[in-house]
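Novice: Below you'll find the structure I mean.
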Amino acid sequence: MQTGSIASHWTMRLSAFGGALMIVAFPLSVSLSQAGLGLALIGWILARIWNRTACQQRLPLRMHPFFWSALAVYLILFATLLVNALLAEERIAFLARGLRAEVKDIILLPAGFWVMAWSSKPEGRKQILRWLEWSVWLLLLTGFLAIWSRYRISKIPWLLLHDWQVGPSVRFQHHLATIPLGSFPLNVYMPIGMMNTHLTYAGLLMFAWPWLLLRTLHPWIRQDWREYWLGPQRYAHYWHWFGLVLASLLFILNNGRSALLGALLSGVVGVLYFIKVHWGRSALKLLLPAILSVILLTAFGSLAPLIHPRMARAVNALFSAEKKHTDHQRTLVWNGSLELSRQSPLIGVGSGHFEDRLKEHIITYSSQHPHLWPWYNLAQRGHAHNDYLHLLAIGGLFALAAYLILAGVLFQSSLIKLPLELETWKFGPLALLVAGFLQCYFLDDEVILPFWIYVGLCCGAAITESARPQKSAPGEQ
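Every number in our numbering is 573 more than the matching position in the sequence shown, counting from 1.
Here is the structure:
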């Protein structure tokens, strides 16, 4: 018994270390974050083997309707892949390719279960909140550093070993502007942090931005202005504003419009919720930052052409004053995705086979409309640029229905009142549902892993709070 208790203790510590690595490392490296997930799960499993009772008390295995719907999405994708493989000529090759594609992301879903279990206890919840804050600041720090770096930060170790030789797989950052400062011109680049693409970085930022927004606004609205600006917590408040402004600037320079739209709308939902539940008439104080934000955005948009033409194009594209070439390509891919779903509405084309089937459609369709061939030939055809259409195309109507249920459960869960320390975190995952209309974020393993982490935190807290006896509403701080 003594040996089992000691072994359980150390396996729990291993699980905690893996969980911390998983959460803190996702802004730095998806591989490192996935390694942390593996350690967290190994420690959890071993702890249950050595001392099941103690582990169940510390890390209870629970389910939430959201995760049932998430499991349903992946199981339907797997089932439709099997059916398509049975109908294919080369069944084994068809199945193997599909298992290496969208279906494989089910291995990241346990991250949500682990976080949900770990956050079911107050001490575990505090740890996860601390790790998440560290990850957000790492995300902002790497994004800020990337603004001034000609080289992609994640590739600098490789470049050091290869005499700073760039190539197709190791490219320069996207240059946005050159600000003349005498003999030392200052170059500004598109911030992507440690990620490989600006869309992935924007996908991570969209989860954090609503938290930064609500965490900054809540004390500002609830406290007297003297206490807020001059009280003992004033430096923390200054830091909150700095983080929000920095994240907003990174979003604008990043130009990830789908993620920005998702972050803005989830932030609006969060603000409306806080007005209803926490702020009441005090929310009239929001008018001042709203007016200042409009003035600053207008000034930035007006000054962008004076800074650099590339900066002007980026800002114009962000606010739809100028169309990007990918806008036209996206509509062509959407059209092709709808055609694939029309041809196979129930079972789709199968995981991992979207690009090949879309290419077949492009060849047929372009033979009938030759003027579209150059545009189709330039389009990025690896995914549908829309989570909903992509799931419909590869998994059929049942996969789309399961994902819509997932979205509905997530939105409903975000309206459940949680402890105030969690209220500001729970709206970030909603951004993925909105951004998914313009980009495939649900199928990006670098984005979906933190998504499960955020959702697991809120679902675990929701289960714990629902199990507690109802108390009279205490006064909020």
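We treat Cβ as the ideally placed atom computed from N, Cα and C, and that holds for glycine. None of the values given here were measured: they were computed from a predicted structure.
How about A589 and W623: do their beta carbons lie closer than 8 Å?
Specialist: No, these two residues do not count as a Cβ contact at 8 Å.
Novice: Below 8 Å between beta carbons: does that hold for H934 and G671?
Specialist: Going by C-beta atoms, H934 is not nearer than 8 Å to G671.
Novice: Whose CA, out of G829, R723 and A1034, lies closest to the CA of K990?
Specialist: Looking at the Cα atoms, A1034 is the closest of the given residues.
Novice: Where does F1010 sit, in a helix, a strand or coil, going by DSSP?
Specialist: If DSSP states are grouped into helix, strand and coil, F1010 belongs with coil.
Novice: Quick one: grab the DSSP three-state call for L634.
Specialist: L634 falls in the coil class under three-state DSSP.
Novice: Under three-state DSSP, which class holds N760?
Specialist: Of the three classes helix, strand and coil, the one that applies to N760 here is strand, per DSSP.
Novice: Taking the alpha carbon of G716 as the point to measure from, which residue in T773, F639, W812 and S756 has its own alpha carbon closest?
Specialist: Measuring from the Cα of G716, the nearest candidate turns out to be T773.
Novice: Which value, in whole angstroms, describes the spacing of the CA atoms of T997 and S756?
Specialist: Spanning the two alpha carbons is a distance of roughly 45 Å.
Novice: Would you give the residue range spanned by the beta strand (DSSP E) that A966 belongs to?
Specialist: Per DSSP, A966 belongs to no beta strand (DSSP E); it is in the alpha helix (DSSP H), D960 to S987.
Novice: In this structure, how does DSSP classify H771 when only helix, strand and coil are distinguished?
Specialist: Correct three-state label for H771: helix.
Novice: Report back the beta-carbon spacing between T653 and I920 to the nearest angstrom; my notes put them in contact at under 8 Å.
Specialist: Yes, they are in contact, since the Cβ atoms of T653 and I920 sit about 4 Å apart, within 8 Å.
Novice: What do you reckon, are the CB atoms on I596 and I1026 nearer than 8 Å?
Specialist: Closer than 8 Å, so yes.
Novice: Looking at L983 and V922, is the spacing between their C-beta atoms short of 8 Å?
Specialist: It is not a contact, given that the beta carbons lie outside the stated cut-off.
Novice: So, helix, strand or coil for I920, using DSSP?
Specialist: Three-state DSSP puts I920 in coil, outside helix and strand.
Novice: Just how far apart, CA to CA, sit S518 and F1015?
Specialist: No information on residue 518 is available, as it lies outside the stretch 574 to 1050 that the chain covers here.
Novice: Quick check on DSSP: helix, strand or coil for I752?
Specialist: If DSSP states are grouped into helix, strand and coil, I752 belongs with the strands.
Novice: Taking the alpha carbon of L711 as the reference point, which residue from P683, E1038, L819 and P638 has its own alpha carbon closest?
Specialist: Of the listed residues, the one whose Cα sits closest to L711 is L819.
Novice: By how many angstroms is the C-alpha of A669 removed from the C-alpha of E663?
Specialist: Computed Cα separation, rounded: 10 Å.
Novice: Could you compute how far the alpha carbon of K932 sits from the alpha carbon of G955?
Specialist: The straight-line gap from Cα to Cα measures roughly 10 Å.
Novice: Out of A872, Q1012, P792 and V646, state which residue places its alpha-carbon closest to the alpha-carbon of L993.
Specialist: Nearest option by C-alpha distance: P792.
Novice: Could you check which residue in H748, W707 and A613 has the C-alpha nearest to that of Y724?
Specialist: The shortest Cα separation from Y724 among H748, W707 and A613 belongs to H748.
Novice: Helix, strand or coil: how does DSSP classify F745 here?
Specialist: F745: strand per DSSP, three-state reduction.
Novice: Take W707 and list the residues in its own chain whose beta-carbon comes closer than 7 Å to its own, dropping the five residues that flank it on each side.
Specialist: Cβ within range, chain order: V597.
Novice: Alpha carbon to alpha carbon, how far is D797 from L612? Give it in angstroms, no decimals.
Specialist: One C-alpha to the other measures close to 46 Å.
Novice: Hey, how far is the Cα of W782 from the Cα of V709?
Specialist: In a straight line, the C-alpha of W782 is about 9 Å away from that of V709.
Novice: Pair every Cβ in the segment 637 to 651 with every Cβ in the segment 680 to 691, then say whether three or more of these pairs are closer than 8 Å.
Specialist: These segments touch.
Novice: Taking the beta carbon of E675 as the centre, do at least 16 other beta carbons fall within 10 Å, making it buried, or is it exposed?
Specialist: Buried, by the Cβ-count rule.
Novice: Could you name each continuous alpha helix (DSSP H) segment of 4 residues or more that falls completely within the segment 690 to 752, going from the start of the chain to the end?
Specialist: Counting whole runs of 4 or more residues, the segment 690 to 752 contains the alpha helix (DSSP H) stretches 695 to 720 and 729 to 734.
Novice: Cα-Cα, which of W704, I752, A666 and V646 is closest to G609?
Specialist: Of the listed residues, the one whose Cα sits closest to G609 is W704.
Novice: Count the other C-beta atoms from every protein chain shown that fall within 10 angstroms of the C-beta of R586, then say buried if there are 16 or more, exposed otherwise.
Specialist: Flag for R586 reads exposed.
Novice: Just verifying my parser: in three-state terms, what is the DSSP assignment at N828?
Specialist: Coil at N828, not helix or strand.
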